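Engineer: So in the numbering used here, spot 105 of the sequence shown is number 263, and the numbers just go up one at a time.
Take a look at the following structure, please.
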Amino acid sequence: MKVKRAKLRGFTLLELLVAFAIMGIALAMIYRATGSSARSVGDVERYARANELAESLLALHDAVPPFGWNESGQSAGLNWQARSAPYPTGITDQRAPPLHEIVISIWWDDGGRRRQTDVATLRPERKPPPGGAAP
159 MKVKRAKLRG FTLLELLVAF AIMGIALAMI YRATGSSARS VGDVERYARA
209 NELAESLLAL HDAVPPFGWN ESGQSAGLNW QARSAPYPTG ITDQRAPPLH
259 EIVISIWWDD GGRRRQTDVA TLRPERKPPP GGAAP
């Protein structure tokens with residue numbers, strides 16, 4: 159009587175190595191994608207804080223003095239500089255206040271790299287009070 163041997167089925171060593179290599183590549187790609195997302199969230203948060211600082215600085219100055227606005231400082235790890243320059247409008251009506259273009263630059267160091275954002279807007283020039291006395 160002849161006994162038939164059951165053919166054993168399983169994975170060969172080569173098949174296991176290929177499977178582990180594919181799994182390793184997939185895990186590396188997932189790790190890289192999630193790490194990149196975490197960095198992006200941090201960048202967005204810093205840019206949002208910088209824009210909030212710029213908006214706060216602009217809220218403090220609803221008008222620009224006749225000599226302009228040139229100021230700099232630091233707040234919560236963010237460096238900032240505000241500067242203004244007369245903005246040509248071509249309006250000849252003396253009752254209309256002259257405009258100034260204000261540019262607020264905010265920058266910070268991010269791992270040895272400098273990041274920066276700029277906010278620009280227009281503000282009217284503050285008219286001197288009646289009688290010509292300075293405020």
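From the three backbone atoms N, C-alpha and C, an ideal C-beta is built for every residue, glycine too.
Computed from a predicted model, the values in this text were never measured in an experiment.
Roughly how many angstroms lie between the CA atoms of P256 and V277, to the nearest whole one?
Structural biologist: One-based indexing of the sequence shown puts residue 256 at position 98. One-based indexing of the sequence shown puts residue 277 at position 119. Those two C-alpha atoms are separated by around 20 Å.
Engineer: In chain order, what residues of the same chain lie with their CB nearer than 8 Å to the CB of G235, ignoring the 5 residues before and after it?
Structural biologist: To locate residue 235, count along the sequence shown from 1; it is residue 77. W266, listed in sequence order.
Engineer: My assumption, with CB atoms under 8 Å, is that R272 sits in contact with R204. Please give the rounded CB distance.
Structural biologist: Counting from one through the sequence shown, the residue named residue 272 turns up at place 114. Counting from one through the sequence shown, the residue named residue 204 turns up at place 46. Contact between R272 and R204 fails: their C-beta atoms lie close to 12 Å from each other, not under 8 Å.
Engineer: Do you know offhand how far H258's Cα is from R284's?
Structural biologist: What you label residue 258 is simply residue 100 of the sequence shown in a count that begins at 1. What you label residue 284 is simply residue 126 of the sequence shown in a count that begins at 1. Near 10 Å, if we compare the C-alpha coordinates of R284 and H258.
Engineer: Along the beta strand (DSSP E) that carries R272, what are the first and last residues, could you check?
Structural biologist: Translated into positions along the sequence shown, residue 272 becomes position 114. For R272, the enclosing beta strand (DSSP E) has its first and last residue at 271 to 282.
Engineer: Judging by CA-CA distance, which residue of L218, R241, P282 is the nearest neighbour of W227?
Structural biologist: Locating residue 227 in the sequence shown gives position 69, counting from the first residue. Considering only alpha carbons, the answer is R241.
Engineer: Run through DSSP, which three-state label would I260 get?
Structural biologist: What you label residue 260 is simply residue 102 of the sequence shown in a count that begins at 1. In the three-state DSSP reduction, I260 falls in the strand class (E or B).
Engineer: On the DSSP letters alone, give me the boundaries of the beta strand (DSSP E) that L236 sits inside.
Structural biologist: Taking the first residue of the sequence shown as position 1, residue 236 is located at position 78. Here the beta strand (DSSP E) through L236 covers 236 to 245.
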